[in-house]
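**Q** Provided herewith is a single structure, encoded as structure tokens, for subsequent inquiry.
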Amino acid sequence: MYYRGAAAAVVVYDVTSRDSFARAQAWVRELQRQASPGLVIALAGNKADLANSAAASSAAEGGKEPAASSSSARAVATADAAAYASEAGLHFWETSAKEGTNVAELFADVASRLPTRASAAAAAAAAAAAGAAGGAAPGGNGGGGITLTQAPPQRNAKASCC
């Protein structure tokens, strides 16, 4: 219900929680089973800053376990998550919402994979024409994507009321 008609989904898990990763995998299965066929799905491992700081702290202490709680230690290896994402046909990113690491890149990547309305309409028209002619549409999926631009700066003009 939450994703009906959605063009994209970002499934986020906590890199310091194996349970969070398992729940993310369940959400991915649900999306793949229920959502639109062309849905762009990204898998994001969040809190990479905690996992990296725990690793750095451990290295600085000569390989000893960090004094911080175990919740800051990485529980999901990047390679494991990337392998799962590849198998499931997902786009994978590790992020840190706290530090802003890879967050903009994640959304830019997802947005670039969304078909434009023009290319989607052209692909539908080509498929309809190919269907009427009994052949396959040339060019495959219609390609394309959306073009991202920097938002214009906000003006400090006074807003008029009503």
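Residue 0 is where the sequence shown starts when you use numbering that gives the first Met the number 0, and the numbers rise one by one after that.
Backbone N, C-alpha and C define an ideal beta-carbon position, used for all residues, glycine too.
Please read these numbers as outputs of a predicted model, since none were measured by experiment.
1. Rank His-90, Ala-50 and Ile-40 by C-alpha distance to the C-alpha of Ala-74 and give the top, closest one.
2. On a CA-only basis, which of Val-14, Gly-4 and Val-10 is nearest Pro-36? Give me that one, please.
3. Quick one: grab the DSSP three-state call for Val-10.
4. Name the one or two DSSP bridge partners that Gly-4 has.
5. Pull up the distance between the alpha-carbon of Asn-101 and that of Ala-47, whole angstroms please.
6. Exposed or buried, Gly-88, counting other C-beta atoms within 10 Å across all chains shown (16 or more means buried)?
7. Tell me the rounded alpha-carbon separation between Leu-113 and Ala-8.
8. Could you give the first and the last residue of the continuous alpha helix (DSSP H) run that contains Val-27?
9. In whole angstroms, what separates the C-alpha of Ala-80 from that of Thr-115?
10. Report all residues from its chain with a CB closer than 6 Å to the CB of Pro-137; omit the five preceding and five following residues, and keep chain order.
11. Going by DSSP, name the residue or residues bridged to Phe-91.
**A** Answer, in terms of the structure:
1. To locate residue 74, count along the sequence shown from 1; it is residue 75. Among His-90, Ala-50 and Ile-40, the Cα nearest to that of Ala-74 belongs to Ala-50.
2. The residue you call residue 36 lines up with position 37 of the sequence shown. Cα-wise, what sits closest to Pro-36 is Gly-4.
3. The residue labelled residue 10 in the question sits at position 11 within the sequence shown. Residue state, collapsed to three classes: strand.
4. Numbered from 1 along the sequence shown, position 5 holds the residue referred to as residue 4. Partner(s): none; Gly-4 has no beta bridge.
5. Translated into positions along the sequence shown, residue 101 becomes position 102. Translated into positions along the sequence shown, residue 47 becomes position 48. Distance between the alpha carbons of Asn-101 and Ala-47: 10 Å.
6. The count along the sequence shown starts at 1 and reaches residue 88 at position 89. Per the 10 Å Cβ criterion, exposed.
7. Looking up residue 113 in the sequence shown gives position 114. Looking up residue 8 in the sequence shown gives position 9. For Leu-113 and Ala-8, the distance between alpha carbons rounds to 11 Å.
8. Taking the first residue of the sequence shown as 1, we reach residue 27 at position 28. Under the DSSP assignment, Val-27 falls in the alpha helix (DSSP H) whose first and last residues are 17–33.
9. Looking up residue 80 in the sequence shown gives position 81. Looking up residue 115 in the sequence shown gives position 116. Rounded to whole angstroms, the gap between the alpha carbons of Ala-80 and Thr-115 is 29 Å.
10. Working through the sequence shown from its first residue, we reach residue 137 at position 138. In this prediction, Pro-137 has a pLDDT of 41, which is less than 50 and means its spatial position is unreliable; nothing more can be read from the coordinates.
11. As a working note, residue 91 is residue 92 in the sequence shown. According to the DSSP secondary-structure assignment, Phe-91 is paired through a beta bridge with Leu-42.
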